[in-house]
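Written below as C-alpha cells is the structure these notes are about.
Number of protein chains: 2
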Amino acid sequence: MGQQTNNDLIGNLIDNLCKLPSIGKKSAQRLAYFLLNHDEQKVENLANAILNARKNIKKCTICYNYAEEEFCPICLSASQGLRQTELICVIEKPSDILLLEKFGGYRGVYHVLGGTLSPLDGIGPANLTINSLISRLHSLDSPELVFALNTNTDGEATVMYLINKIKSLPVKISRLARGMPIGSDLQYIDEITMQKALENRVLL
Amino acid sequence: MGQQTNNDLIGNLIDNLCKLPSIGKKSAQRLAYFLLNHDEQKVENLANAILNARKNIKKCTICYNYAEEEFCPICLSASQGLRQTELICVIEKPSDILLLEKFGGYRGVYHVLGGTLSPLDGIGPANLTINSLISRLHSLDSPELVFALNTNTDGEATVMYLINKIKSLPVKISRLARGMPIGSDLQYIDEITMQKALENRVLL
Numbered sequence: 395m396g397q398q399t400n401n402d403l404i405g406n407l408i409d410n411l412c413k414l415p416s417i418g419k420k421s422a423q424r425l426a427y428f429l430l431n432h433d434e435q436k437v438e439n440l441a442n443a444i445l446n447a448r449k450n451i452k453k454c455t456i457c458y459n460y461a462e463e464e465f466c467p468i469c470l471s472a473s474q475g476l477r478q479t480e481l482i483c484v485i486e487k488p489s490d491i492l493l494l495e496k497f498g499g500y501r502g503v504y505h506v507l508g509g510t511l512s513p514l515d516g517i518g519p520a521n522l523t524i525n526s527l528i529s530r531l532h533s534l535d536s537p538e539l540v541f542a543l544n545t546n547t548d549g550e551a552t553v554m555y556l557i558n559k560i561k562s563l564p565v566k567i568s569r570l571a572r573g574m575p576i577g578s579d580l581q582y583i584d585e586i587t588m589q590k591a592l593e594n595r596v597l598l
Numbered sequence: 395m396g397q398q399t400n401n402d403l404i405g406n407l408i409d410n411l412c413k414l415p416s417i418g419k420k421s422a423q424r425l426a427y428f429l430l431n432h433d434e435q436k437v438e439n440l441a442n443a444i445l446n447a448r449k450n451i452k453k454c455t456i457c458y459n460y461a462e463e464e465f466c467p468i469c470l471s472a473s474q475g476l477r478q479t480e481l482i483c484v485i486e487k488p489s490d491i492l493l494l495e496k497f498g499g500y501r502g503v504y505h506v507l508g509g510t511l512s513p514l515d516g517i518g519p520a521n522l523t524i525n526s527l528i529s530r531l532h533s534l535d536s537p538e539l540v541f542a543l544n545t546n547t548d549g550e551a552t553v554m555y556l557i558n559k560i561k562s563l564p565v566k567i568s569r570l571a572r573g574m575p576i577g578s579d580l581q582y583i584d585e586i587t588m589q590k591a592l593e594n595r596v597l598l
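Set out below in C-alpha cells:
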C-alpha cells in the first residue's frame, strides 16, 4: 500500500473518514478520492459546516436539544405559545426529535435524557438529565409526560425508574402506544406508525 | 421539520453531507448528529484533514496520480530504480492505483488518463492526458503499456483509440487478461483475480 503510507495527506484523510459511523475502509477511500476531485469551494463549505456546527451548537437550557442560542427552536415556539409546554415527550437523544417532528402532528415539547440508564456501561441517573426533568415538572401546573424511549431493556428500565421517581408528583404519564414492534429502534418506524403510536399513547 | 429549517448550523451541515456520494438524507442526519456529539478535537481533525488534502494535493507531473510534491510516491520510487519505468499501466482515475497496488505484485508505473472517451458526455481526447502519455512513450527506450480500463463500452473505445494513436511507435501493448468479468467495474475485482489478470495480460 505504498500510496497510503507515503501520501500522508490522503492517508490521514482516509483515517479520519474511517472514524465516522458506518464508514468502512472502502467507503472512506471512495469519499476521500471524491473530495480530492470535487470543487474546492464546495469542499471548503463542507469542512466549515462541520467546524461551525461542532463549535457553535449548544444544548437548549430547557430541553437539552441542540440549539444555536440559549433555547432550541421548539422551546422558543413553546415560549411564544405555539406549542404546549405542559406536554413533554421524553426521548433519549436530540436526533429522536427529528423522527417525532417528521409527521408534524405533535404539538408538545421535548426533554432529551441524554441516553438510558445502563449500569453495565456505567450510565447512572446522574449521567442523564433526570434532575432537570423533575425541576421542569415542578414548574408546570398539570404536566404530562410521553415516554418515547426505545423499547429495549435499557429503555424500559429507564421508564420504570422515572415513573418511580416522579410518582409523588401530579404528573400524567403516558408512553407511545405499543404499535412499536418490541425490541426495535425508533429510527426504523414509519411516520404513520409513529402517528398512531402517539395518538394511542397509554396512561400508566 | 421545524428543527431543520430553524437550526441553520445543523441544516447546513446535513445539506453539505448530502452532497457526498452514497450519503442520502438519513445517513447525512446520522453523520451530523454523530459529529455534534463527537469529541471536538477529533471533529476538528476531520475538517482539517479534508481542507489540507483538498488544498495541498497536486497531480504528479509524470503520471497524474495525486501527489503532495511534484512527483507521486510511485514515480519517485521509479526514479530511484525501485520500479520499472518502461512498464506503464494505463488507468482511468487515481483511485484505480489503490486497487492495483493492493496485491503488491505490480512493479511498473502508472498513467492516469483522467477518464475515458465519452462523446455523449463531451469528453474527447483533449480532455484526457493522452498527449502527455505519448510524450512519455517517446522518452522511453522500449515501453510497454498495460491497459487496465474498465471493460465497458467507453473503456473499450478508449483502448481502441489509443492503440490506433500509438501504432506507429515501438510500444508493446497489452491489457489485463479477460479474467475480468465483462461489463464490470475495476473496484469489485478481488486481489487474486487482479493478479491473474495482470500475469495473463494479452499482447494486442
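Protein chains in written order, with this note's numbering: chain W, 395 to 598; chain L, 395 to 598.
Each residue gets a CB set at the ideal place from its N, CA and C atoms; glycine is no exception.
{"query": "W/I583 to W/N544 span [Cα, whole Å]", "result": "11 Å"}
{"query": "Contacts around L/L425, its chain only, beta-carbon distance under 6 Å, and the 5 residues preceding and following it disregarded", "result": "L411"}
{"query": "Closest residue to W/E413 among L/G418, L/N439, L/D402 and L/L494 (Cα-Cα distance)", "result": "Note that residue 413 of chain W is Lys in the sequence shown here, rather than Glu. Looking at the Cα atoms, L/N439 is the closest of the given residues."}
{"query": "Bounding residues of the alpha helix (DSSP H) (the contiguous stretch that carries W/S562)", "result": "That residue, W/S562, is in no alpha helix (DSSP H); it is neither H nor E in DSSP."}
{"query": "Where the alpha helix (DSSP H) through W/E538 begins and ends", "result": "Element bounds for W/E538: not the alpha helix (DSSP H) but the beta strand (DSSP E), E538 to F541."}
{"query": "Below-7 Å beta-carbon distance, L/I528 vs any chain W residue", "result": "no"}
{"query": "Assigned exposure category for W/T510 - 16 Cβ within 10 Å defines buried", "result": "buried"}
{"query": "Classification of L/P415 by the beta-carbon crowding that lies within 10 angstroms, buried from 16 upward", "result": "exposed"}
{"query": "Uninterrupted beta strand (DSSP E) stretches inside the stretch 483-518 of chain W (no shorter than 3 residues)", "result": "503-506"}
{"query": "Sufficient close CB pairs (3 or more, under 8 Å) joining the stretch 477-488 of chain L to the stretch 497-512 of chain L", "result": "yes"}
{"query": "Closest residue to W/P488 among W/T523, W/D409, W/Y427 and W/S529 (Cα-Cα distance)", "result": "W/T523"}
{"query": "L/H532 classed as buried or exposed, judged by whether at least 16 other C-beta atoms fall within 10 angstroms", "result": "exposed"}
{"query": "Status (buried if at least 16 other CB within 10 Å, exposed otherwise) for W/G549", "result": "buried"}
{"query": "Against chain L: residues of the stretch 451-470 of chain W by CB proximity under 9 Å", "result": "I451, N459, Y460, A461, E462, C466, P467, I468 and L470"}
{"query": "Which listed residue (W/N446, W/I485 and W/V565) has its alpha carbon closest to that of W/S529", "result": "W/V565"}
{"query": "Proximity to W/P537 [Cα-Cα], best of W/A520, W/V553 and W/I567", "result": "W/I567"}
{"query": "Nearest to W/N450 (by Cα), restricted to the options L/I451, L/I456, L/T455 and L/V437", "result": "L/V437"}
{"query": "Bounding residues of the alpha helix (DSSP H) (the contiguous stretch that carries W/P415)", "result": "Where W/P415 is concerned, there is no enclosing alpha helix (DSSP H), given that its DSSP letter is neither H nor E."}
{"query": "Simplified DSSP state of W/S473, which is helix, strand or coil", "result": "helix"}
{"query": "Reduced DSSP secondary structure (H/G/I, E/B, other) of W/L440", "result": "helix"}
{"query": "Boundaries of the alpha helix (DSSP H) in which W/H432 is found, first to last residue", "result": "First-last for W/H432: undefined, no H or E at that position."}
{"query": "Spatial neighbours of W/L563 in its chain, beta-carbon cut-off 7 Å, leaving aside the 5 residues before and after", "result": "L531"}
{"query": "Rounded C-alpha distance that separates L/R595 from L/V540", "result": "7 Å"}
{"query": "W/V347 and W/N459 closer than 7 Å at C-beta", "result": "Residue coverage of chain W in this structure runs from 395 to 598, which leaves residue 347 of chain W outside it and unanswerable."}
{"query": "C-beta contact flag for L/A551 and L/A571 at 7 Å", "result": "no"}
{"query": "Under 8 Å from the C-beta of L/F428: neighbouring residues of chain W", "result": "L414 and P415"}
{"query": "L/G405 (DSSP reduced to helix, strand or coil)", "result": "helix"}
{"query": "Cα-Cα separation, W/L492 to L/A472", "result": "54 Å"}
{"query": "Length of the line joining the Cα atoms of L/E469 and L/S526", "result": "According to the sequence provided, residue 469 of chain L is Cys. The question's Glu does not apply to it. Distance between the alpha carbons of L/C469 and L/S526: 15 Å."}
{"query": "Limits of the unbroken alpha helix (DSSP H) element including W/R530", "result": "I524 to H532"}
{"query": "Residues that L/V437 contacts on chain W, provided the C-beta gap is smaller than 8 Å", "result": "I444, L445 and R448"}
{"query": "Pick from W/D535, W/T587 and W/D402 that is closest to W/K496, judged by C-alpha positions", "result": "W/T587"}
{"query": "Proximity winner among W/L445, W/D535, W/I444 and W/F428, relative to L/R448 (alpha-carbon distances)", "result": "W/F428"}
{"query": "Any C-beta of chain L under 7 Å from that of W/S489", "result": "yes"}
{"query": "Chain-order list of residues whose beta-carbon lies under 6 Å from that of L/L494 (same chain, five-residue window excluded)", "result": "Y500"}
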